[in-house]
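Asks: The listed protein sequences derive, respectively, from chains A and B. Read in order, the letters of the first sequence correspond to residues 1 to 607 in the working numbering. Read in order, the letters of the second sequence correspond to residues 608 to 757 in the working numbering. Note that the Cβ used here is the ideal one computed from N, Cα and C, for glycine as well. If you scroll down you'll find the structure; I have some questions about it.
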Amino acid sequence: MAANVFPFRDARAAPDPVLEAGPGALGPLPVPLVLDNGSFQARAGWACPGPDPGPEPRLQFRSVCARGRGGARGGAGPQVGNALGSLEPLRWMLRSPFDRNVPVNLELQELLLDYSFQHLGVSSQGCVDHPIVLTEAVCNPLYSRQMMSELLFECYGIPKVAYGIDSLFSFYHNKPKNLMSSGLIISSGYQCTHILPILEGRLDAKNCKRINLGGSQAAGYLQRLLQLKYPGHLAAITLSRMEEILHEHSYVAEDYVEELQKWRCPDYYENNVHKMQLPFSNKLLGSTLSSEEKQERRQQQLRRLQELNARRREEKLQLDQERLDRLLYVQELLEDGQMDQFHKALVELNMDSPEELQSYIQKLSSAVEQAKQKILQSEVTLEVDVVDSKPETPDLEQLEPSLEDVESINDFEPLFSEETPEVEKPVTTVQPVFNLAAYHQLFVGTERIRAPEIIFQPSLIGEEQAGIAETLQYILDRYSKDIQDLLVQNVFLTGGNMMYPGMKGRIEKELLEMRPFQSAFKVRLASNPVLDAWYGARDWALDHLDDDEVWITRKEYEEKGGEYLKEHCASNIYVPIRLPKQASRFSDTQAPGKGSGTSGGSAGEQA
Amino acid sequence: KKVPAAGFTQGISMEAMSENKMVPSDFSTGPMEKAAKPLPFKDPNFVHSGHGGAVAGKKNRTWKNLKQILASERALPWQLNDPNYFSIDAPPSFKPAKKYSDVSGLLANYTDPQSKLRFSTIEEFSYIRRLPSDVVTGYLALRKATSIVP
């Protein structure tokens, strides 16, 4: 019973201190700042060769911000990254500048940059006086690069910037220096997975492919799987805990179908299921609300219904009353002997004879009487209801559904672990006498391999795109045989989502299946798939400090626009299309750019 | 509306169309006072030109999301072989998808005609038949197999 039971760590991030830049960072030449701007995490630090301020990134924080708890508190302002502590209480208020892997909300990006600069100890007045190396998405849209350059140059006044791709920086870090490199990079991040062929040190951009699945989709999938399996623990199955399960308890099966067959066997299941222990909570079975809350809700609903009915009854009563009065008046006409008027009225009322009128009057008056009685009755009960806050009858009503819930959940339990007959079953009686610990455990069995599998088989979550293996084949088929061989000799895996145990073996097996018989290939994993992009960018910055052909200076930004890019060994390919400047600098007129003026106009009007 | 403060002289003239931008440090006492002290390395008068879109600042206050950005990027004069964000998308799969059980993830040979969930063993079938309808739709939505409401 104690085997394979794991608690959730539920780690909280510690807030970052505001660091001193240190003498190394204030050398004669301004030291470059390296910022790996990822959709999951941002990593920032100085690029200086010496031990001070240290080789690793000084800041690593989640790329999210949120206002303080309880709405916008006066003066607190939005908090970023590690200052938020635990993310779960704020889950619905978290905002990220990223949409997939591209930053689109530059205000939030500005907050993240503020945070980074502030905590790194940037002390220059009036501008950030350091060159910046920034990562961007593969084939970053020109618009977002324009916005980013504008933010960096206009708001922060940096002298020069270099944009690069994180996986290419990681590749740069991991290759031996003198090797002329070609290879195939498979980089899987939080939002998407890229397959990038590199030929002679440069990205072959037109043959890259991107699968829109990554760590966040895997976490979401795992979360929904567990929530559907354990509907009673809906609130406790949080995304942070899912990420914990993915990071620590999941693996990639080398042969998915074979591994599933293994999981069918009850012994294997018993030995390999990971039972995640949720913290104890007092909630009743089958309900996410406590019993008092349920009662409250029932009462409220009852009250509302009663009020509605009472109102309707009153209206109907009024209408009936009016009609009755009219008919009585007509009857009086008869009694008074005004025959003409009486007959006219009868015709209006659509009736043929006084007897019909009489019977109608009788019916109406009895209905009115009944309505009045009912109203009186309901008023009385309404008062009684309000006075007595815990009425008896709702209790009984409530117990019954909860009884059913208990039974049905108890029936589910043996079926979850369908492979194990002797898991501890909760007793199927009314009183919750059963193993409380087991109730609060999430059995993570095949989910351990299902969640990471989505990048290989996107059809698991209904995506139409091809998985890694098929895309790999598609890309390789676009090259000639010898280039294929060249590429396959150097398959490089990087990115946080590649860190599952068994990933390398799986890629090797896929390659074995698709390559010609007895051809060679080699797969390597990055030394630190998460941080290598930052390290690579730092190495690159140190190697290219004096190289003017890779940095975009302020002057070039002003002349050639924000979307300008200088290509280098780790960058995107620049396609020289001018975007018009986005308007608000000039009061009402839009400045048409050279070339694509109309598209700029339409860009503005798009809702 | 707001008169830009003298600002740090960096040789840029900023026309401040700052109707809606909350400037963190505005030395001319504006109506909005933030408790955060101004960060020294920033230009206090900076206004994002992207915010509010290219058209009038009052109307369109939100940032474009990726879909909108890509839609406007498509309209640019790309050549056939140029790499751009949407040409990089992986193609749809040619191979038929394997069917896995919604409940346990094992290979599923059978489908429940009533709820369209896939299952692999008899116990799973009885489990599926007892599920409340929201869980059933949840499983179907997970693999994007929910039926379209007429």
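1. Taking its Cβ as the centre, do 16 or more other Cβ atoms sit within 10 Å of lysine 674/B, making it buried, or is it exposed?
2. Determine the burial state of valine 743/B: buried for a count of at least 16 other Cβ atoms within 10 Å of its Cβ, exposed for fewer.
3. Using DSSP with H/G/I as helix, E/B as strand and the rest coil, what is asparagine 105/A?
4. Would you mind working out which of Ser187/A, Leu565/A and Ile158/A sits nearest proline 32/A, comparing C-alpha positions?
5. Are there 16 or more other CB atoms within 10 angstroms of the CB of cysteine 265/A, so buried, or fewer, so exposed?
6. What does arginine 750/B reach in chain A if we use C-beta pairs closer than 8 angstroms?
7. Got a sec, what are the start and stop residues for the alpha helix (DSSP H) methionine 148/A sits in?
8. Measuring alpha carbon to alpha carbon, tell me which of Asp36/A, Gly201/A and Glu470/A ends up nearest alanine 47/A.
9. With 9 angstroms as the C-beta to C-beta threshold (strictly closer), list the residues of the region 238-270 of chain A near chain B in chain order.
10. Are the region 520-538 of chain A and the region 205-225 of chain A touching, with three or more C-beta to C-beta distances below 8 angstroms?
11. Check each candidate in Glu248/A, Ile132/A, Leu436/A and Asp204/A and name the one with the smallest Cα separation from proline 30/A.
12. Should valine 102/A and isoleucine 552/A be called a contact, given that it needs their Cβ atoms to be closer than 8 angstroms?
13. Sorted by chain position, which residues of the same chain lie with C-beta nearer than 6 angstroms to arginine 506/A's C-beta, five sequence neighbours on each side aside?
14. Taking any Cβ of chain A, which residues in the region 711-738 of chain B have a Cβ under 8 angstroms from it, in chain order?
15. Under 8 angstroms, Cβ to Cβ, is there at least one residue of chain B near glutamate 513/A?
16. If you measure from the beta carbon of threonine 471/A to each beta carbon in chain B, is any gap under 8 angstroms?
17. Examine chain A for any beta-carbon lying closer than 8 angstroms to the beta-carbon of serine 700/B, and answer yes or no.
18. Apply the 10 Å Cβ neighbour rule to proline 78/A and answer buried if 16 or more other Cβ atoms are within range, or exposed otherwise.
19. Compare the C-beta of serine 754/B with all C-beta atoms of chain A and state if any pair is closer than 8 angstroms.
20. Just the Cα atoms here: how many angstroms apart are alanine 367/A and arginine 297/A?
21. Could you give the residue range of the alpha helix (DSSP H) that holds glutamine 441/A?
22. So for isoleucine 552/A, helix, strand or coil by DSSP?
23. Can you tell me the Cα-Cα spacing of asparagine 174/A and serine 181/A, whole angstroms?
24. When the cut-off is 8 angstroms and only beta carbons count, does serine 740/B lie next to chain A?
25. Please look up how many angstroms separate the CB atoms of tyrosine 190/A and serine 39/A, rounded, as I've assumed it's under 8 angstroms.
26. Would serine 727/B and leucine 714/B be called neighbours here (beta carbons separated by less than 8 angstroms)?
27. Does any residue of chain B have a CB that is nearer than 8 angstroms to the CB of lysine 209/A?
28. For isoleucine 185/A, which residues of its own chain have a beta-carbon under 6 angstroms away from its beta-carbon, when the five flanking residues on both sides are left out?
29. I'd like to know if the region 269-285 of chain A and the region 440-459 of chain A are in contact, where contact means that at least 3 CB-CB pairs between them fall below 8 angstroms.
30. Measuring straight from C-alpha to C-alpha, what distance separates glutamate 464/A and proline 703/B?
31. Alpha carbon to alpha carbon, how far is glutamine 306/A from leucine 111/A? Give it in angstroms, no decimals.
32. From lysine 372/A to leucine 317/A, what distance separates their C-alpha atoms?
33. Can you pull the chain B neighbours of valine 138/A, defined as C-beta to C-beta under 7 angstroms?
34. Does DSSP classify glutamine 362/A as helix, strand or coil?
35. Going along the chain, which residues of the region 219-231 of chain A sit with their C-beta nearer than 9 angstroms to a C-beta in chain B?
36. Please decide whether proline 141/A counts as near chain B, where near means a Cβ-Cβ distance under 8 angstroms.
Replies: On the basis of the supplied data:
1. Classified as exposed, lysine 674/B has fewer than 16 neighbouring CB atoms from the shown chains inside 10 Å of its CB.
2. Counting Cβ neighbours within 10 Å, valine 743/B comes out buried, since at least 16 surround it.
3. In the three-state reduction of the DSSP assignment, asparagine 105/A falls in the coil class.
4. That would be Ile158/A, whose Cα lies nearest to the Cα of proline 32/A.
5. Under this definition cysteine 265/A is an exposed residue.
6. Ser459, Leu460, Ile461 and Gly462, listed in chain order.
7. DSSP places methionine 148/A inside the alpha helix (DSSP H), whose first and last residues are 142-150.
8. Measuring from the Cα of alanine 47/A, the nearest candidate turns out to be Asp36/A.
9. Along the region 238-270 of chain A, the positions whose C-beta sits under 9 angstroms from a C-beta of chain B are Tyr256, Val257, Leu260, Gln261, Trp263 and Arg264, read in chain order.
10. Here the region 520-538 of chain A does not lie against the region 205-225 of chain A, with fewer than 3 beta-carbon pairs under 8 angstroms apart.
11. The shortest C-alpha separation from proline 30/A is found at Ile132/A.
12. Between valine 102/A and isoleucine 552/A, the C-beta gap is not smaller than 8 angstroms, which leaves the two residues out of contact.
13. Within its own chain, the residues whose Cβ lies closer than 6 angstroms to the Cβ of arginine 506/A, once the five positions on either side in sequence are excluded, are Val252 and Glu254, listed in chain order.
14. Flagged, chain order: Ser711, Gly712, Leu713, Leu714, Thr728, Glu730, Glu731, Ser733, Tyr734 and Arg737.
15. At a cut-off of 8 angstroms between beta-carbon atoms, glutamate 513/A makes no contact with chain B.
16. Under the Cβ distance rule, threonine 471/A counts among the residues neighbouring chain B, one pair being separated by less than 8 angstroms.
17. At least one chain A Cβ lies under 8 angstroms of serine 700/B.
18. By the 10 Å Cβ count, proline 78/A comes out buried.
19. Interface annotation, serine 754/B: not in contact with chain A, CB-CB separation never under 8 angstroms.
20. Each residue's Cα considered, the two are about 34 angstroms apart.
21. Here glutamine 441/A belongs to no alpha helix (DSSP H); instead the beta strand (DSSP E) covers 441-444.
22. Taken through DSSP and simplified to helix, strand or coil, isoleucine 552/A comes out as strand.
23. Rounded to the nearest angstrom, the two C-alpha atoms are 11 angstroms apart.
24. Interface criterion not met: the Cβ of serine 740/B is under 8 angstroms from no Cβ in chain A.
25. About 5 angstroms separates the two Cβ atoms, so the contact holds.
26. Yes, the Cβ-Cβ distance between serine 727/B and leucine 714/B is below 8 angstroms.
27. Taking 8 angstroms as the CB threshold, lysine 209/A lines the interface with chain B.
28. Closer than 6 angstroms at the Cβ level, and outside the excluded window around isoleucine 185/A, lie Ser167, Phe171, Leu196 and Phe492.
29. Under the three-pair Cβ rule at 8 angstroms, the region 269-285 of chain A counts as touching the region 440-459 of chain A.
30. Here the alpha carbon of glutamate 464/A sits roughly 11 angstroms from the alpha carbon of proline 703/B.
31. Near 52 angstroms, if we compare the C-alpha coordinates of glutamine 306/A and leucine 111/A.
32. Taking the straight line from one Cα to the other gives about 7 angstroms.
33. Near valine 138/A (Cβ distances below 7 angstroms), the residues of chain B are Ile695.
34. Helix.
35. Going along the region 219-231 of chain A in chain order, one finds Tyr221, Arg224, Leu225, Gln227, Leu228, Lys229 and Pro231 with a Cβ nearer than 9 angstroms to chain B.
36. With 8 angstroms as the cut-off, proline 141/A counts as an interface residue toward chain B.
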